[in-house]
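For what it's worth, the numbering used here labels the leading residue of the sequence shown as -9, then goes sequentially.
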Amino acid sequence: MAFKDKLGNISLKFKKNSAAPTLAANDASLLKRFARKWQENPLYSTTLVLVIMIIVQTIALGFDYPSFGAWFSSWGKNWINILRNNASVGIVALGMTFVIISGGIDLAVGSTLVAVGAVMITMINSNTTGVLTSAGITGVPAFIIGIAAALLMGSLIGSVNGFLVARGRIPAFIVTLGTMKICRSVTQNFMQTAGARVPREFRAITNTTIGGEIILPIIYWLVIAALLMLIAKKTPFGRHVYAIGSNERAARLSGINVERVKTLVYVLSGMLVAVATVINVGRIGSMDYASAGSGYEMDAIAAVVVGGTSMSGGKGAILGTVLGMLIIAVMDNLLNLVHVTPFLREAFKGFIVIAAVLLQKKEKAA
């Protein structure tokens, strides 16, 4: 019996001693699974980064409120402001996602916004110099025609970019850089003496309140994102975009009309810029042709890359772009809360883009 007791004690000690290595092995396994998910699924890492930033932002916002209701109300209004202020560039980023997945780039989105805005404002201008007003067309019919003209102008600029990239075989960077200069320069030249007044009724497109808050821009952004998510995953066009970005030669050999798909990608980008223009003009009621849309290229590309879309094409997701845009937006808000000078905020965006591209390179190496 004594011998059996000794064996039992030895066995118990062995189990106790072996528990630590088992726990260590489990921890190592969890870390490996975490690292694998981080590398293989960009949405996983993007979501995690966004959650961390939201926590830090919430702490920076503070808790010095008389009640939880007052704190939650302030927190909610802060988030509505964040989403509303970034809805326009968020819509532009959705179009940029398709462009980058196809293996291209669009540097002209900001200048396209200016050109589209000039056309639409000229159409709906309530002064006697307005095209539609001088023809006796006002109110809702004028707004519908003006928005249609904006969408047509955005599509036209996008189709020119797409044609030169797809048919002319000119690098997308060069084409859209040229378009960027042309659109803003020509618009400023023709609009420098134009006196325009956007009808107050038109502004209801964006500024109508729901529940006491202006949230229509947010709704437009989320609805468009949901539609494009379906297009990217459930339609032949979406699959063709991914195929061209992954391997253009293989896509061509498989029967895909590469030139047509590439052109449509830039047309889609131009149309989404037009939608963003309608939202901007409706919200502000005017447009500064010298600075409107300035920096949209950087913000849109940053959101797309941070969201996990590969700059080399063939990989990315609309949901990732939405999350990437939220990361950029939360970072801007956080920097504002901690009183970082506006001149340094763009530097942080630059660091985030570089870090995102470095992570993509590590994913490929893995």
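Backbone N, C-alpha and C fix where the C-beta goes; we use that ideal spot for every residue, glycine too.
Throw me the rounded Cβ distance for the N237 and A186 pair, which I believe falls under 8 Å. Taking the first residue of the sequence shown as 1, we reach residue 237 at position 247. Taking the first residue of the sequence shown as 1, we reach residue 186 at position 196. Not really, about 48 Å apart at Cβ, beyond 8 Å.
Exposed or buried, which one is N323 when buried takes at least 16 other CB atoms within 10 Å? Position 333 of the sequence shown, counted from the first residue, corresponds to residue 323. Buried: at least 16 other Cβ atoms inside 10 Å.
Could you please give the first and the last residue of the uninterrupted alpha helix (DSSP H) stretch that includes M277? Taking the first residue of the sequence shown as position 1, residue 277 is located at position 287. Element bounds for M277: n/a, residue is neither H nor E.
CB-CB length for G85 against L258, believed under 8 Å: Within the sequence shown, the letter at position 95 stands for residue 85. Within the sequence shown, the letter at position 268 stands for residue 258. Confirmed, about 6 Å.
Does the beta-carbon distance from L97 to F163 come in below 8 Å? Taking the sequence shown and counting its residues from 1, one reaches residue 97 at position 107. Taking the sequence shown and counting its residues from 1, one reaches residue 163 at position 173. Yes.
Given a cut-off of 8 Å on the beta-carbon distance, is the pair G314 and Y232 in contact? For the purposes of this step, residue 314 is taken as the residue at position 324 of the sequence shown. For the purposes of this step, residue 232 is taken as the residue at position 242 of the sequence shown. Contact flag unset, no.
Quick one: complete alpha helix (DSSP H) runs, 4+ long, within the segment 86 to 159? 99 to 114, 121 to 124, 129 to 156
Rounded straight-line distance, which links the Cα of L141 to that of I195: The count along the sequence shown starts at 1 and reaches residue 195 at position 205. The count along the sequence shown starts at 1 and reaches residue 141 at position 151. Rounded to the nearest angstrom, the two C-alpha atoms are 15 Å apart.
Are the beta-carbon atoms of I318 and A292 separated by less than 8 Å? Indexing the sequence shown from 1 puts residue 318 at position 328. Indexing the sequence shown from 1 puts residue 292 at position 302. Yes, Cβ-Cβ distance for I318 and A292 is below 8 Å.
How far does the alpha helix (DSSP H) with Q379 in it reach, from first residue to last? The displayed coordinates of the chain run from -9 to 356. Any statement about residue 379 would go beyond what the structure contains.
What distance in whole Å lies between the Cβ atoms of V263 and V106, which are believed to be in contact at a cut-off of 8 Å? Residue mapping note: residue 106 aligns to position 116 of the sequence shown, counting from 1. Residue mapping note: residue 263 aligns to position 273 of the sequence shown, counting from 1. That belief holds up - the Cβ atoms of V106 and V263 are roughly 6 Å apart, short of 8 Å.
Does DSSP classify I318 as helix, strand or coil? Looking up residue 318 in the sequence shown gives position 328. Note: I318 maps to helix in three-state DSSP.
Presumed contact (8 Å Cβ cut-off) between G283 and G100, rounded CB distance: By 1-based counting over the sequence shown, the position of residue 283 is 293. By 1-based counting over the sequence shown, the position of residue 100 is 110. About 3 Å separates the two Cβ atoms, so the contact holds.
From the DSSP output, in three-state form, read off I70 for me. Translated into the one-based positions of the sequence shown, residue 70 becomes position 80. DSSP places I70 in helix when its eight states are reduced to three.
4 or more residues per run - each alpha helix (DSSP H) lying fully within the segment 289 to 340: 308 to 327
Let me check one thing: in DSSP terms, what residues is E203 bridge-paired to? The residue given as residue 203 occupies position 213 in the sequence shown. Answer is I200, bridged to E203.
Taking only the alpha-carbon atoms, compute the straight-line gap between G245 and G201 and give it to the nearest angstrom. Translated into the one-based positions of the sequence shown, residue 245 becomes position 255. Translated into the one-based positions of the sequence shown, residue 201 becomes position 211. So the two alpha carbons sit approximately 51 Å from each other.
Does the structure place the segment 215 to 231 close enough to the segment 142 to 152 that three or more beta carbon pairs sit under 8 Å? no
Exposed or buried, what is T331 when buried is set at 16 or more other beta-carbons lying within 10 Å of its beta-carbon? By one-based count along the sequence shown, residue 331 stands at place 341. Exposed, by the Cβ-count rule.
Provide the residue span of the alpha helix (DSSP H) that contains R229, from first to last. On the sequence shown, position 239 is the one that residue 229 refers to. That run of the alpha helix (DSSP H) goes 226 to 236.
L146 and A132 - do their beta-carbons sit closer together than 8 Å? Here the question's residue 132 lines up with position 142 in the sequence shown. Here the question's residue 146 lines up with position 156 in the sequence shown. Cβ atoms of A132 and L146: not closer than 8 Å.
Which residues in the same chain have their Cβ closer than 8 Å to the Cβ of W61, if we skip the five residues on either side of it in sequence? The residue you call residue 61 lines up with position 71 of the sequence shown. Correct list, in chain order: F53, Y55.
Given 7 Å as the limit, tell me if Q178 has its C-beta closer than that to any heavy atom belonging to the ligand SAM. Absence of the ligand SAM from the depicted structure is noted, as is the absence of any ligand whatsoever, leaving it without description.
Proximity of R273 and P207 at Cβ, strictly below 8 Å: As a first step, residue 273 is located in the sequence shown; it is residue number 283 there, counting from the start. As a first step, residue 207 is located in the sequence shown; it is residue number 217 there, counting from the start. Against a cut-off of 8 Å, the Cβ pair of P207 and R273 comes out as a contact.
Which residues in the same chain as E336 place their Cβ atom closer than 8 Å to its Cβ, once the five residues preceding and following it in sequence are excluded? Taking the first residue of the sequence shown as 1, we reach residue 336 at position 346. Once the five neighbours on either side are set aside, the close Cβ partners of E336 are G285, M288.
Three-state secondary structure assigned by DSSP to F363: Residue 363 lies beyond the residue range present for the chain, which begins at -9 and ends at 356; the question has no answer from this structure.
L40 burial status per 10 Å Cβ neighbour count (16 or more: buried): For the purposes of this step, residue 40 is taken as the residue at position 50 of the sequence shown. Classification of L40: buried, given that the 10 Å Cβ count is 16 or more.
Work out the CA separation of P161 and F301 for me, nearest whole Å. For the purposes of this step, residue 301 is identified with residue 311 of the sequence shown, where counting begins at 1. For the purposes of this step, residue 161 is identified with residue 171 of the sequence shown, where counting begins at 1. Correcting the residue identity first, residue 301 is Met in this sequence and not Phe. Cα to Cα, the separation comes out at about 14 Å.
Closer than 6 Å by C-beta to L316: which residues in its own chain qualify, once you throw out the five before and the five after it? Chain order, please. In the sequence shown, counting from the first residue as 1, residue 316 sits at position 326. Correct list, in chain order: L40.
Which whole-angstrom value is the C-beta distance of G260 and T102, which I expect to be below 8 Å? Position 270 of the sequence shown, counting from 1, holds the residue named residue 260. Position 112 of the sequence shown, counting from 1, holds the residue named residue 102. So it is a contact: roughly 6 Å between Cβ atoms.
Three-way DSSP call (helix, strand, coil) for G(-2) in this model: For this step, residue -2 is matched to residue 8 along the sequence shown. Note that G(-2) has pLDDT 49, beneath the 50 cutoff, so the model's placement of it is unreliable and no number is given.
Using the rule of at least 16 other Cβ atoms within 10 Å of the residue's Cβ for burial, across every protein chain shown, is A345 buried or exposed? Reading the sequence shown from its first residue, position 355 is the one you call residue 345. So A345 counts as exposed.
Local conformation of R187 per DSSP, three classes: By one-based count along the sequence shown, residue 187 stands at place 197. In this structure, R187 counts as coil in the three-state DSSP scheme.
If we ignore side chains and look at the alpha-carbon of each, how far apart do W69 and V265 end up? As a first step, residue 69 must be located in the sequence shown, where it is residue number 79. As a first step, residue 265 must be located in the sequence shown, where it is residue number 275. Those two C-alpha atoms are separated by around 22 Å.
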